[in-house]
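Going by our numbering, 438 is the number at position 441 of the sequence shown; the sequence numbering is gapless.
Beneath this line is the structure, given in structure tokens, with notes to follow.
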Amino acid sequence: MDSEDDTRDSADEDFYSGGEAGLALSDDGDADYDFADRDSDDSDDLISHRQQQNYSVLSETDIKQHQADDMNRVSTVLSISKSEACALLRSYNWSVSKVHDEWFVDEARVRTAVGLPEKQNEMPNERELTCGICFESCPRESMGAASCGHPFCGVCWRGYISTAINDGPGCLMLRCPDPSCSAAVGQDMVNLFASDEDKGKYERYLCRSYIEDNRKTKWCPAPGCEYAVEFVVGSGSYDVSCGCSYGFCWNCTEEAHRPVDCSTVSKWILKNSAESENMNWILANSKPCPKCKRPIEKNQGCMHITCTPPCKFEFCWLCLGPWSDHGERTGGFYACNRYEAARQEGAFDDSERRREMAKNSLERYTHYYERWAANQSSRQKALGDLQSLQNDKLEKLSDIQSQPESQLKFIIEAWLQIVECRRVLKWTYAYGYYLPDHEHAKRQFFEYVQGEAESGLERLHQCAEKELQIYLDADCPSKDFNDFRTKLAGLTSVTRNYFENLVRALESGLNDVGAHTGQGACSKAVSSKNLGGKSKSGKNKAPVGASKSGSSTRGMDDGNIWACDQCTFANPRSARSCQVCDHQQHR
């Protein structure tokens, strides 16, 4: 038993050392599905690539600063007040470039549309003026006017502005109270006449407008989160991670769902919540009462069915005929041969076919949904374990193993990778559900790489969960803790690289996987010389999950592939020699 355990440990070390781990797909330079751990020379580029973000997370302070910067830019370039710049930006969805373009094309038209008179009109220079709302005569000092110069008393201004603010965000497009005037009432007037409470509401509306009207920014959809995300549109992946640690898709605002596209996620979520699967279940597991047509589920053994009141119709479950017609002449009360006779005549073919199709559809959906939900559940559990680790367990481990917490970050990185991989694996089941049935080669290859990804993730998860617990339960520093560090860090690196390349492959639609009639094997592009890959040192890399006995073909059709005796690479049956090491196939 000791030798068997040593062999298993040795195989695991080889597999996750990075030297002989990986599955790579390539088409001679066109596409590169390198499901392999990259060599050390590439690691810096990979880390740099991961660190490049095409988005930034904005707090409320950041939003106000961005807003102020945009208003300053417009105010400076167009030589207008900040209040006018704010009105312009609101009208053009906070796009500075669009404001500039429209302004320099036709300034007069823009001013008219936004409500900015070319000339600032002052109130009449008189001691007393008549308010245009209450028609009271008031001292000029207590009156106020927008850029149009129409005078209204302070009391009426406060009431007008307060009512507009309490009515909602429409107050941002407030116009002069004079019915014949369309001059804009800007933030300067609000600050002059509104109460502190109303000023706060107005500023919140203005802040929300900057995010909701701007096509480059969106609020984080997590409950209670007040962060926003500014995204560089057209820069690739839509997956973003908010400051609250919630990951979501910037395009559709659903949770992050790579490698599945937004339309597939929308269909999957709708299917999970729709009544269609309820109807499929009813169709597959019940039959309608011949009289009242209500669906009935058979929950007892005999074929004598009695419908519920007020119908109370008695019928045979097999042939749906009246029970009164059944007796010894029809094969007995509990052995109706009317059904078999009618079935031979084709009377029940359509209904049976529909019921069978519904049952198969339900079973297929259940298969994918259960695994989707299981990975979601595992991800939530991993998030809880990660939080527990950060709160107290890491400090405990640091004390037991006499290691500073700064040297235990590899454990946090492993758990973060588990959380991310569970998310990716979860969505691969939605991907698989909508993969067309007629694309046999793609489905075969997809299920293979998905299985390898799941196997690798389970190894990482088990190491981070079960093996870590051994060191948490220890009473003194363990001699082999550094070996554990090396193993867990290696598992994390290999699993991360595999999943990153799995995502790239699925996002490309597995375009390099072709269908050979009658074989369903991978095309030459997929099973090219780089499928197993070679490291820069010249060592052959075995497929992920490959053992010394050549078990790398798990999940593939054994009739369409053969495993190389030397490198265990899975080659298509048509290849006479291994496409990695050129070893001849034994026929």
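Each residue gets a CB set at the ideal place from its N, CA and C atoms; glycine is no exception.
Note that this is a predicted model, so its numbers are computed, not measured.
Exposed or buried, residue i, counting other C-beta atoms within 10 Å across all chains shown (16 or more means buried)?
i, result
"residue 47", "With a pLDDT of 45 at residue 47, under the threshold of 50, the predicted position of this residue should be treated as unreliable, though the coordinate-derived value follows. Classification for residue 47: exposed."
"residue 497", "buried"
"residue 186", "buried"
"residue 217", "buried"
"residue 64", "buried"
"residue 416", "buried"
"residue 123", "exposed"
"residue 301", "exposed"
"residue 102", "exposed"
"residue 190", "buried"
"residue 443", "buried"
"residue 80", "buried"
"residue 87", "buried"
Could you say which of the options lies nearest to residue i if we only look at CA atoms?
i, options, result
"residue 448", "368, 184, 136", "368"
"residue 119", "434, 191, 138, 353", "138"
"residue 406", "417, 78, 392, 416", "392"
"residue 453", "396, 485, 103, 209", "485"
"residue 130", "117, 149, 136, 140", "149"
"residue 462", "425, 209, 383", "383"
"residue 223", "91, 59, 115", "59"
"residue 481", "457, 503, 71, 82", "457"
"residue 234", "443, 52, 206, 359", "52"
"residue 71", "157, 56, 100", "100"
"residue 158", "178, 184, 179", "184"
"residue 219", "239, 203, 213, 207", "239"
"residue 467", "422, 94, 394, 78", "394"
"residue 372", "404, 323, 427, 353", "427"
"residue 152", "140, 439, 176", "140"
"residue 89", "418, 163, 210, 57", "210"
"residue 370", "390, 117, 265", "265"
"residue 104", "433, 85, 121", "85"
Closer than 8 Å, CB to CB, is residue i near chain C or not?
i, result
"residue 477", "In summary, chain C is missing from the structure at hand, where a single protein chain is found."
Return helix, strand or coil for residue i, following the three-state DSSP convention.
i, result
"residue 141", "strand"
"residue 164", "helix"
"residue 313", "strand"
"residue 130", "coil"
"residue 400", "coil"
"residue 371", "helix"
"residue 125", "strand"
"residue 284", "strand"
"residue 247", "coil"
"residue 586", "Past the boundaries of the shown model lies residue 586; the chain is included only from -2 to 584, so the question cannot be answered."
"residue 587", "Here the chain comprises residues numbered -2 to 584, so residue 587 is not present and cannot be evaluated."
"residue 574", "strand"
"residue 158", "helix"
"residue 520", "Confidence at residue 520 is low in this model, with a pLDDT of 38, below 50, so its placement is unreliable and the value that follows should be read with caution. It is coil, neither helix nor strand."
"residue 267", "helix"
"residue 507", "coil"
"residue 436", "coil"
"residue 119", "coil"
"residue 297", "coil"
"residue 302", "strand"
"residue 447", "helix"
"residue 54", "strand"
"residue 80", "helix"
Using a Cβ-Cβ cut-off of 7 Å (strictly less than) and excluding sequence neighbours within five positions of residue i, which residues of its own chain qualify?
i, result
"residue 253", "236, 244, 245, 246, 420"
"residue 135", "125, 126, 128, 150"
"residue 180", "112, 114, 143, 144, 145, 172, 173"
"residue 182", "143, 171, 172, 173"
"residue 91", "67, 207, 210, 211"
Leaving aside the five residues before and after residue i along the sequence, list all residues of the same chain whose C-beta is less than 6 Å from its C-beta, in chain order.
i, result
"residue 493", "414"
"residue 398", "474, 478"
"residue 287", "312, 317"
"residue 249", "259"
"residue 504", "256"
"residue 314", "295, 300, 302"
"residue 430", "365"
"residue 592", "With the chain covering only -2 through 584, there is no way to say anything about residue 592."
Sorted by chain position, which residues of the same chain lie with C-beta nearer than 8 Å to residue i's C-beta, five sequence neighbours on each side aside?
i, result
"residue 309", "303"
"residue 411", "457, 460, 461, 485, 486, 488, 489"
"residue 57", "204, 223"
I want to know whether the segment 139 to 153 touches the segment 48 to 57 - three or more CB-CB distances under 8 Å. No, because fewer than three Cβ pairs between the segment 139 to 153 and the segment 48 to 57 fall closer than 8 Å, the two stretches do not touch.
Quick check: the segment 157 to 171 against the segment 194 to 210, are at least 3 beta-carbon pairs closer than 8 Å? Yes, they touch.
Is the segment 98 to 111 in contact with the segment 211 to 228, if contact means three or more CB pairs nearer than 8 Å? Segments in contact, no.
Touch check for the segment 429 to 449 and the segment 376 to 394: three-plus C-beta pairs under 8 Å? Not touching, per the Cβ criterion.
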